[in-house]
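Comments concern the structure below.
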Amino acid sequence: MALHHELLPEFVAAIRIHPEIYDNQRSKKAEKAWEVIADLFEITVSDAKRQWYEIVRIHRNMYIDLPDDAFKVLAPKEDPRWNIATRQTALTLAHFLQSDLKFLFKYESFV
């Protein structure tokens with residue numbers, strides 16, 4: 794289940810305050826944080842992770858010219874047939890989410 798687009802900034806803010814999710818993605822603390830976020834948005838942990846990886850994928854597409862190593866987190870590869878749609882979504886959402894997602898860069902020099 795995807796979140797309503799108006800909830801995306803709140804979802805990103807909830808993730809941002811849990812660096813264990815994007816710094817150490819496989820820890821027990823990260824799993825607990827996922828449970829908290831899923832409860833907050835009344836979705837499953839699996840749906841929260843899917844939503845997160847979609848946002849990460851969109852963020853990556855906002856900066857298509859940067860190397861992968863500029864980012865803290867990369868989403869699993871998607872079916873190539875979706876690449877154009879993801880790129881268009883990234884361009885559309887950039888105005889709303891670009892500054893909120895700056896914490897996903899490894900270094901401030903990429904911003």
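With the sequence shown counted from 1, adding 793 to any position gets you this note's numbering.
Backbone N, C-alpha and C define an ideal beta-carbon position, used for all residues, glycine too.
- For VAL838, the uninterrupted alpha helix (DSSP H) segment begins and ends at 838 to 855.
- Taking the Cα of ASN876 as reference, the smallest distance to any Cα among LYS825, ALA795 and MET855 is reached at MET855.
- When TYR900, LEU890 and LYS899 are compared, the shortest CA-CA separation from TRP845 is found for LEU890.
- Nearest Cα to TYR900 within the set ALA887, GLN881 and ASP861: ASP861.
- In the same chain as PRO802, and ignoring 5 residues on each side of it, the C-beta atoms closer than 8 Å to its own belong to PHE889, LEU890 and ASP893, in chain order.
- Distance between THR882 and LYS822, taken at the CA atoms: about 31 Å.
- Rounded to the nearest whole angstrom, the CA to CA distance from LEU867 to ASP832 is 24 Å.
- When rounded, the separation of the alpha-carbon atoms in PRO869 and VAL849 is 9 Å.
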